[in-house]
Structures are given as structure tokens and as C-alpha cells.
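Engineer: Counting from 1, position 508 in the sequence shown corresponds to residue 533 in my numbering; the numbering is continuous, with no gaps.
C-beta: ideal position from N, C-alpha, C; glycine also.
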Amino acid sequence: MKKLLFSIVLTATLALGGVLAYSIWKAAPRTAQAYFESGKKYYDEKKYPEAMVQLLNAIEKDARHREARHLLALSFLGQQDLVRAAAQLKSLLEYYPDDVPASLELGSIYLAAGQNNPEGFRQAQEIAKKVLEKNPEHVDAILLSGYASAGLQDYRASVDLFQKALALDPQNFSAYVSLGTTRTRQKNYPEAEQAFLKARQINPKDKSLLISLANYYSAVQQKDKSEAVFKEALALYPDDKSVYLEVVDFYNRNDRLPDAEKLLGDVQAKNTQNPEPSLILADLYTSKDRRADARKLLLDLKGKFPKNVDVAVKLALNFLQDQPERARTEVDQIMKLDPQNPIGPVLLGQVQFLVGQYDAAEATLGKAPAVDSPYPEVHFYLGNIEIRKGHLDQAIFHYQKSLAVNGAYVPSRVALAEAFFNNRRDEDARQEIRKALDTKPDYAPALLLKAAIDGADKNNKNAEEEFTRLAKDHPQNAILNRQMGLYYESRGKAADAEKSLVRALELQPDSQQLFTDLMLFYIRQKQTGRAIEKINAVPDDKKQASHYELLGLAYAESGKMQDAETAYKKALEKDPARSNSDIYLYGQYMKSGRTDDGFKVLDDLIKKNPQNSSAYGTKGFVLQGQGKLEEAKRNYEQALQLNPNFEVAANNLAYLLTEQGTDLNTALGYAQTARRRQPENPNFADTLGWVYYKRGDYILAQDQFRFAISKEPNNGTFQYHLALTYKQMKRTSDAEAALKKAISSPNDFKEKSLAQA
Numbered sequence: 026m027k028k029l030l031f032s033i034v035l036t037a038t039l040a041l042g043g044v045l046a047y048s049i050w051k052a053a054p055r056t057a058q059a060y061f062e063s064g065k066k067y068y069d070e071k072k073y074p075e076a077m078v079q080l081l082n083a084i085e086k087d088a089r090h091r092e093a094r095h096l097l098a099l100s101f102l103g104q105q106d107l108v109r110a111a112a113q114l115k116s117l118l119e120y121y122p123d124d125v126p127a128s129l130e131l132g133s134i135y136l137a138a139g140q141n142n143p144e145g146f147r148q149a150q151e152i153a154k155k156v157l158e159k160n161p162e163h164v165d166a167i168l169l170s171g172y173a174s175a176g177l178q179d180y181r182a183s184v185d186l187f188q189k190a191l192a193l194d195p196q197n198f199s200a201y202v203s204l205g206t207t208r209t210r211q212k213n214y215p216e217a218e219q220a221f222l223k224a225r226q227i228n229p230k231d232k233s234l235l236i237s238l239a240n241y242y243s244a245v246q247q248k249d250k251s252e253a254v255f256k257e258a259l260a261l262y263p264d265d266k267s268v269y270l271e272v273v274d275f276y277n278r279n280d281r282l283p284d285a286e287k288l289l290g291d292v293q294a295k296n297t298q299n300p301e302p303s304l305i306l307a308d309l310y311t312s313k314d315r316r317a318d319a320r321k322l323l324l325d326l327k328g329k330f331p332k333n334v335d336v337a338v339k340l341a342l343n344f345l346q347d348q349p350e351r352a353r354t355e356v357d358q359i360m361k362l363d364p365q366n367p368i369g370p371v372l373l374g375q376v377q378f379l380v381g382q383y384d385a386a387e388a389t390l391g392k393a394p395a396v397d398s399p400y401p402e403v404h405f406y407l408g409n410i411e412i413r414k415g416h417l418d419q420a421i422f423h424y425q426k427s428l429a430v431n432g433a434y435v436p437s438r439v440a441l442a443e444a445f446f447n448n449r450r451d452e453d454a455r456q457e458i459r460k461a462l463d464t465k466p467d468y469a470p471a472l473l474l475k476a477a478i479d480g481a482d483k484n485n486k487n488a489e490e491e492f493t494r495l496a497k498d499h500p501q502n503a504i505l506n507r508q509m510g511l512y513y514e515s516r517g518k519a520a521d522a523e524k525s526l527v528r529a530l531e532l533q534p535d536s537q538q539l540f541t542d543l544m545l546f547y548i549r550q551k552q553t554g555r556a557i558e559k560i561n562a563v564p565d566d567k568k569q570a571s572h573y574e575l576l577g578l579a580y581a582e583s584g585k586m587q588d589a590e591t592a593y594k595k596a597l598e599k600d601p602a603r604s605n606s607d608i609y610l611y612g613q614y615m616k617s618g619r620t621d622d623g624f625k626v627l628d629d630l631i632k633k634n635p636q637n638s639s640a641y642g643t644k645g646f647v648l649q650g651q652g653k654l655e656e657a658k659r660n661y662e663q664a665l666q667l668n669p670n671f672e673v674a675a676n677n678l679a680y681l682l683t684e685q686g687t688d689l690n691t692a693l694g695y696a697q698t699a700r701r702r703q704p705e706n707p708n709f710a711d712t713l714g715w716v717y718y719k720r721g722d723y724i725l726a727q728d729q730f731r732f733a734i735s736k737e738p739n740n741g742t743f744q745y746h747l748a749l750t751y752k753q754m755k756r757t758s759d760a761e762a763a764l765k766k767a768i769s770s771p772n773d774f775k776e777k778s779l780a781q782a
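#1: Using a Cβ-Cβ cut-off of 6 angstroms (strictly less than) and excluding sequence neighbours within five positions of D600, which residues of its own chain qualify?
#2: Rounded to whole angstroms, what is the Cα-Cα separation between E558 and F445?
#3: Can you tell me whether M754 is helix, strand or coil according to DSSP?
#4: Rounded to whole angstroms, what is the Cα-Cα separation between L4 and R659?
#5: Can you give me the C-alpha to C-alpha distance between L263 and A429, rounded to a whole angstrom?
#6: Measuring alpha carbon to alpha carbon, tell me which of A253, L288, S251 ends up nearest Y269.
#7: Which of helix, strand or coil does DSSP assign to K189?
#8: Tell me the DSSP secondary structure of E158 in three-state form.
#9: Cβ of L114 within 9 angstroms of Cβ of A93?
#10: Report all residues from its chain with a CB closer than 7 angstroms to the CB of L648; omit the five preceding and five following residues, and keep chain order.
#11: State yes or no: is the C-beta of V376 nearer than 8 angstroms to some heavy atom of the ligand PLP?
#12: To the nearest angstrom, how far is it from the Cα of N447 to the Cα of E582?
#13: How about Y130 and L99: do their beta carbons lie closer than 9 angstroms?
#14: Quick check: the segment 360-367 against the segment 379-387, are at least 3 beta-carbon pairs closer than 8 angstroms?
#15: Can you list, in chain order, the residues of its chain with a C-beta nearer than 7 angstroms to that of F730? Leave out the 5 residues immediately preceding and following it.
#16: State buried or exposed for E271, treating a residue as buried only when at least 16 other CB atoms are found within 10 Å of its CB.
#17: Do you know how far the Cα of Q346 is from the Cα of Q375?
#18: If you count every other CB in all the chains shown that lies within 10 Å of the CB of D165, and 16 or more means buried, which is it?
#19: Touching or not, the segment 447-467 and the segment 163-183, by the rule of three or more beta carbon pairs under 8 angstroms?
#20: Could you round the C-beta distance between F275 and D231 to whole angstroms and report it? I think they count as a contact, below 8 angstroms.
#21: Out of A200, G694, F330, K250, point me to the one whose CA is closest to Y717's CA.
#22: By Cβ distance below 6 angstroms, which residues in the same chain neighbour M544 in space, the five residues on each side in sequence not counted?
#23: Which word fits P771, buried or exposed, when buried means at least 16 other C-beta atoms lie within 10 angstroms of its C-beta?
#24: When the Cα atoms are used, what is the spatial distance from L177 to F146?
#25: Is it buried or exposed, S203, if we count other Cβ atoms within 10 angstroms and call 16 or more buried?
#26: Select from A679, A579, D629 the residue whose C-alpha is nearest the C-alpha of F646.
#27: Can at least three beta-carbon pairs, one atom from the segment 512-520 and one from the segment 315-335, be found at a separation below 8 angstroms?
#28: Would you verify that the beta carbon of A166 is, or is not, closer than 9 angstroms to some beta carbon of chain C?
#29: Answer with buried or exposed for Q148, where buried requires no fewer than 16 other C-beta atoms within 10 angstroms of its C-beta.
#30: Do V273 and Q304 count as a contact pair if the criterion is CB distance below 9 angstroms?
#31: Please list, in chain order, all residues of the same chain as G721 whose beta carbon is under 6 angstroms from its beta carbon, the five residues on each side excluded.
#32: Whole angstroms are fine: how far does the CA of L322 sit from the CA of E355?
#33: If you count every other CB in all the chains shown that lies within 10 Å of the CB of V108, and 16 or more means buried, which is it?
#34: Could you check how far apart the C-beta atoms of L627 and S604 are, in whole angstroms? I think they sit under 8 angstroms.
#35: How about E842 and D418: are their beta carbons less than 9 angstroms apart?
#36: Using only CA atoms, which one of F378, R413, V371 lies nearest to A393?
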């Protein structure tokens with residue numbers, strides 16, 4: 026399209042028949058080299074976007090233009106776009122596989138990626154190995170291998186490689202700094218200091234050296250020396266973020282928050298056009314549980330930088346938990362100011378989740394640009410949505426995907442541990458908790474989950490001690506009190522649970538989530554009167570959809586069905602997109618036998634969101650129970666068309682088709698999908714076994730029924746199906762034994778009369 030536009034403009038200009046037309050034609054770059062030279066001029070001026078346009082034109086003219094593609098990669102690096110830089114370097118290496126500079130630059134990008142995913146270190150190591158196979162004494166390749174080994178915590182190999190580099194190049198400054206850093210990690214402090222001081226002789230004012238040396242002195246508890254070197258670095262580089270961030274971290278680690286505040290304030294005063302120092306201070310306040318101070322600072326910044334996207338992002342994050350609607354205001358502005366930035370949809374999905382719009386959140390986070398973004402929060406929240414659906418396996422998948430994006434994202438690590446714990450994979454849960462605490466030793470949710478696991482292991486003494494210590498260390502932490510409340514409730518200590526949940530809400534009185542937790546606690550404890558009283562105490566002009574939804578749950582639990590229905594309808598008036606309220610209202614109608622009204626709710630859900638596969642699946646389930654099998658099939662098929670991985674619909678449709686005996690091959694495909702998505706679900710195993718049975722694949726059927734019975738030994742249907750299978754396999758005694766177990770099952774099942782015949 027760009028070429029077409031250019032030709033139209035050029036043609037129109039030529040039609041005027043002037044000298045200007047000739048000048049434009051003469052000046053316009055016509056060759057790849059001309060585009061490259063124009064791009065290089067922009068690059069040298071650090072005008073990276075302009076350089077990219079010219080360099081892209083160059084490689085469009087000549088895809089093998091090495092210098093243009095290389096400079097394009099460097100331009101992406103100048104924009105901190107590592108993904109696109111790596112893509113260009115890979116393309117360059119496809120044309121020139123032995124290009125050493127490009128290989129080493131790609132290796133450096135992999136090193137940066139290794140901070141979040143160790144695979145990056147391995148890829149960097151592989152690149153270094155390839156270069157060294159052809160040139161064993163290439164110093165930069167040796168250093169790359171050393172950096173990668175250090176990243177993989179193979180410090181012995183790393184030291185050997187740095188020493189080898191120094192043997193080849195005794196004045197290599199980077200090798201000395203890296204050797205000192207690695208020796209520090211080995212706790213070989215004398216040799217570490219020697220390496221740093223040698224580097225200082227070579228280049229006494231180097232920024233990276235001063236930071237490394239200061240951190241070394243900090244590691245060996247020589248804090249005065251550390252601070253002196255940091256101040257020297259600050260004097261040389263007063264406005265350099267990489268320097269003042271390290272000094273702030275030093276102050277923070279040594280509980281010197283006022284010094285950190287002063288430093289960031291001084292830097293901000295000298296940089297009135299850039300809010301970054303204050304944003305760092307806001308993050309520091311947040312890490313110290315001083316959310317109110319962070320909010321005050323951010324609101325002040327908002328007044329000074331009303332159209333700054335970074336300020337809007339931080340403010341949205343600050344409001345997210347207790348005032349999601351206020352956060353939405355910032356998110357809307359972000360998406361307007363920078364519509365191509367994925368952070369807008371990522372934050373929008375979080376807001377939608379927190380206000381109960383789970384379908385909308387799933388739709389927002391499950392598509393580009395959010396789902397392809399480098400933010401681990403995306404799959405963290407998608408995992409949380411699957412948890413709400415009761416889909417542990419899918420939740421685990423999303424948490425693992427989140428950690429693949431950023432292995433240091435501790436919330437996903439803890440969520441994965443909790444999912445493993447709930448899936449009875451205790452050892453896996455403990456392993457993930459250890460990883461979380463290795464990354465962030467004082468992370469309260471990880472410590473809480475560790476205590477909960479100890480409690481589940483009957484190690485209640487350790488659990489109680491851990492909770493007591495945490496409460497002492499974090500007296501103002503609302504989330505800690507919330508988790509303690511849930512733990513005490515699980516132990517049957519209702520009074521202690523209530524005390525902790527009330528305290529959590531006192532600490533964050535505007536948090537809708539904490540209010541919800543306390544109300545649900547009262548409802549679970551059959552204290553519906555207290556829940557209703559507290560919800561009604563909220564002024565009408567401040568009641569949100571979530572308040573009416575909770576009111577509906579409380580009324581329903583206390584048997585006031587009409588009041589519950591009214592409350593759910595008010596919730597939907599407040600927020601028509603609140604799918605949970607629709608679902609509760611549907612349940613209310615079905616309990617009272619008002620099936621037609623229930624179907625109307627489902628139809629409304631579909632009208633609001635035509636992609637709502639759950640609504641179609643639910644309709645199919647009800648219709649199947651009513652014996653309207655063809656209508657049920659159509660709804661299941663529609664659900665699966667919208668979501669091919671909807672395992673409940675796949676399982677139910679497979680069973681329905683098998684019972685009809687109309688299309689066993691299609692039934693098999695659906696049953697296998699459901700089984701694959703939830704491999705631990707005994708009902709799905711039984712359905713797959715039933716399909717195999719109907720197809721005459723008795724050995725395969727037997728395996729599925731045995732698995733189902735291993736999960737639910739007293740399930741009469743499972744035992745009856747196994748008995749039928751044994752009968753077909755001529756295993757009479759096994760068939761009789763399974764049949765007896767089916768008949769003696771305490772629960773009724775559809776085929777019980779047949780089993781007793």
C-alpha cells in the first residue's frame with residue numbers, strides 16, 4: 026500500500042511538469058544501499074523509528090543486505106524491543122550462518138531473556154559453543170559462555186571460562202568484573218575483591234564496575250565501603266537510572282527508607298519532565314504495604330503528568346484491588362492514549378475479573394494483544410478463571426504458561442502450588458513453594474500456603490507458629506489476615522476466622538474482595554442474618570452489583586427465595602454483564618421448578634455474549650435431563666463449536682451419542698477430548714470406557730472403568746459398566762464380583778434395576 030501511495034503522488038507531481046518533480050524523483054532512495062545509508066543516518070542520530078522505516082525498505086529491496094538487517098536489529102534494541110531484534114538477527118543468520126557478531130548479539134539477547142526463563146541461558150550457551158567450535162580462542166564467545174554458565178548457576182565452569190578469557194586478553198575489563206561477580210556468588214570473597222580491584226585499575230570510572238564493587242562490599246557486610254562506592258557512582262552518573270536504582274535498593278535492604286525517599290526526590294527535582302523517579306518511589310511504598318502513601322504520590326503525579334501512560338498504569342494497579350471502577354478510568358485512558366500497547370487490554374481483563382465479569386475477562390485476556398503479550402498476569406488471571414470453573418488441570422496449564430513468560434512472577438508460582446495442593450499433588454506443591462520463597466523469601470502468600478500445607482499434613486503446630494510469626498511481622502497486611510481467616514475456618518475455628526476476616530476488612534475498608542470474603546464466610550457459617558445486616562448497612566448509593574449478588578446468596582441460603590430473586594435482578598440492573606448473577610438467578614429458577622424462566626436467563630446470557638459456550642452447555646444439560654435429546658445435541662454442538670475444549674459438553678455429547686448408538690466414531694472423539702482435558706476426572710473416564718464398550722474394544726473399556734473405580738470405589742454405575750465388560754470378556758467371576766459391588770452401592774443409579782435383575 027505504501028508503494029501504491031508513493032506512485033500515485035509521484036505521478037500527480039510529474040503531471041505538473043515542473044523541475045520540483047524531477048528533484049523529488051532524484052532525491053528518493055531507489056536502491057537497498059540508498060535506503061540503508063538513509064537509515065544509518067537516522068540510527069546515528071538515535072531516531073530509531075525513522076531508521077526502522079528506511080531499513081525495512083532496504084531489506085524489502087534486498088533481503089540479503091546484511092548491514093541493513095543488522096542495523097535494523099540494533100534499532101529494535103535501541104527501542105528495547107528484544108523480540109523483534111532477535112527475529113531480525115535470526116533472519117540474518119539464516120542467510121549468513123557464520124556471522125559471528127550477529128551470533129554474539131543474539132546470544133546477548135538470550136542472556137537477557139534468561140533472567141525470566143533459564144532456557145535463554147541454554148540458548149546463549151549453544152550459540153557460544155557454535156562460535157568456539159570454529160574459533161576456540163574467540164574471547165567474546167568465551168565470555169558469552171561464561172555469562173550463560175553463571176546464569177545456570179554453574180559457577181565453577183563460569184570461573185574457568187572467565188580465567189581462560191583473561192589468559193587470552195589480560196586487560197579484558199569485562200572478564201575481571203564478571204569473574205569478581207561469580208567469585209562473590211561462590212562466596213570466595215578475597216578473590217572476588219581482587220578481580221574487582223584489577224578491573225578498577227583498568228577503568229576506574231566504569232559504571233558497571235562501580236555498581237558491582239559496591240554490591241560486593243554489601244554482600245560481605247562492609248556497608249560503609251559499599252555506600253562510599255555507590256556515592257562515587259552517583260557523583261559520576263547523577264541522573265542515570267541504572268545507578269540510582271542500585272543505591273535505592275541498597276538503602277531499602279538496609280531499612281533506610283528515608284534515604285531512599287530523599288535520593289528519589291532529589292533525582293525527580295532535577296528531572297521535572299520525567300516522572301520515573303517518583304514512580305519508583307511509589308513501587309517502593311507498595312512493597313512496604315504503604316499503599317495509601319503510594320496512592321497519594323501517584324495522584325500528585327497524575328496532576329503533573331495527566332497524559333503519561335506509565336503514571337496511568339501505576340495508578341490503575343494501585344486502585345485495582347479496592348476500587349476497580351476507579352482503575353477502569355485509568356485503563357480507558359491508557360487504551361485511548363496508546364491503543365497498540367497490550368498493557369491496556371491486560372489491565373482491562375484484570376478489572377473485569379475483579380468486578381465479577383469473568384466471561385468478559387476471559388474474552389479480553391484470551392485474545393491478542395493481551396494473550397501474546399510479555400505480561401505474566403495474563404495467564405495468571407486466566408488460571409484464576411479456570412479455578413472458578415473448577416478446572417484444576419486447565420488452571421495449572423495457565424499458571425505454568427505464566428511462569429514460562431516470567432519465571433520470577435511469584436503470584437503464579439504460589440497459585441500453581443495451591444492448584445497442585447488442591448489436586449493432591451503435595452510434593453509438587455511443596456517444590457513450587459520452595460521456588461517462590463527462593464525468589465521472594467518474605468512473600469506472605471507463599472508463607473501462608475506453606476503453613477496451610479503444614480496444617481493439612483497435621484503439622485498444626487508448625488502452621489500455627491508460622492501464622493503467629495507472619496502476623497507479628499506483617500501486622501498491617503490485609504491479605505495475610507484474609508488467608509489466616511480462611512485457614513482458621515478450614516480448621517473449624519470459626520471465631521478466630523471471623524476475627525481475622527474482620528481485621529482484613531478494617532485494614533482495607535474499601536476492598537470489595539475482602540467484604541465479599543467476610544459475607545461468604547457468614548453465609549457458609551449459616552449466619553445469614555449477619556450477612557444481610559452488614560450488606561444492607563451499605564448506603565444504597567454505594568451499593569454495587571456485587572453487594573446485591575451477595576444479598577441474593579444470603580437470602581437463598583436462608584430460604585427467602587423471592588427476596589433472593591429480587592436481589593439478583595438488582596445486581597443485573599447495576600451490571601448487566603455480571604454473568605455470575607445471571608447464573609445464580611438461573612439456579613434460583615431451576616430450584617423452584619421454573620424451567621422456562623431459567624431458559625430465558627440462559628438465552629439472555631447468550632444474547633449478551635453470543636460466544637458464551639457455558640450457557641449453551643448448560644441448556645444442553647437441562648434438555649438432556651428432560652429427554653429432549655435432539656435439542657440437547659444441538660446445544661452441546663453449539664457449545665463445542667464456540668469452544669472445542671469445553672470438556673463437560675464434549676463428555677455429555679459423547680455419552681448421549683453412545684446411548685443412541687448413532688455415531689460412535691464422533692462420540693469417541695468427544696470422549697477423548699474430555700478425558701485429555703481432565704485426566705483425573707472419573708466420570709470422563711467412565712464415558713470414554715462406555716464408548717469403547719459400545720465399539721467392542723473391551724480391553725480399552727476395562728482400563729477406563731478401572732481408573733474411574735480407583736477414584737470412586739462405591740460408584741454403582743462404574744461397577745456395573747465394569748461388570749458388563751468382564752462379561753463380554755468371558756471373565757465370569759470378575760463380572761459377578763463387580764456386579765455385587767454395583768448392587769451394594771449405597772447410591773442409586775440409572776442401571777440399578779438392571780443390575781439387580
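Structural biologist: Result, derived from the coordinates:
#1: A570
#2: 37 angstroms
#3: coil
#4: The chain is shown from 26 up to 782; residue 4 falls before or after that span and cannot be answered.
#5: Note on residue identity: the sequence assigns Pro, not Leu, to residue 263. Going by the C-alpha atoms only, they are around 36 angstroms apart.
#6: L288
#7: helix
#8: helix
#9: no
#10: E656, A657, N660
#11: The ligand PLP is not part of the structure shown, which contains no ligands of any sort.
#12: 26 angstroms
#13: The sequence shown places Glu at residue 130, rather than the Tyr named in the question. Result yes, Cβ atoms of E130 and L99 sit closer than 9 angstroms.
#14: no
#15: D711, G714, F743, H746, L747, T750
#16: buried
#17: 10 angstroms
#18: buried
#19: no
#20: That belief does not hold up - the Cβ atoms of F275 and D231 are roughly 18 angstroms apart, past 8 angstroms.
#21: G694
#22: A556, L575
#23: exposed
#24: 7 angstroms
#25: buried
#26: A679
#27: no
#28: In the structure shown, chain C does not exist; there is a single protein chain.
#29: buried
#30: Position check: residue 304 holds Leu in this sequence, whereas Gln was assumed. No.
#31: none
#32: 16 angstroms
#33: exposed
#34: Going by Cβ atoms, the distance from L627 to S604 rounds to 11 angstroms, so no, they are not a contact pair.
#35: One cannot answer for residue 842 here, as it falls past the ends of the chain, which runs 26 to 782.
#36: V371
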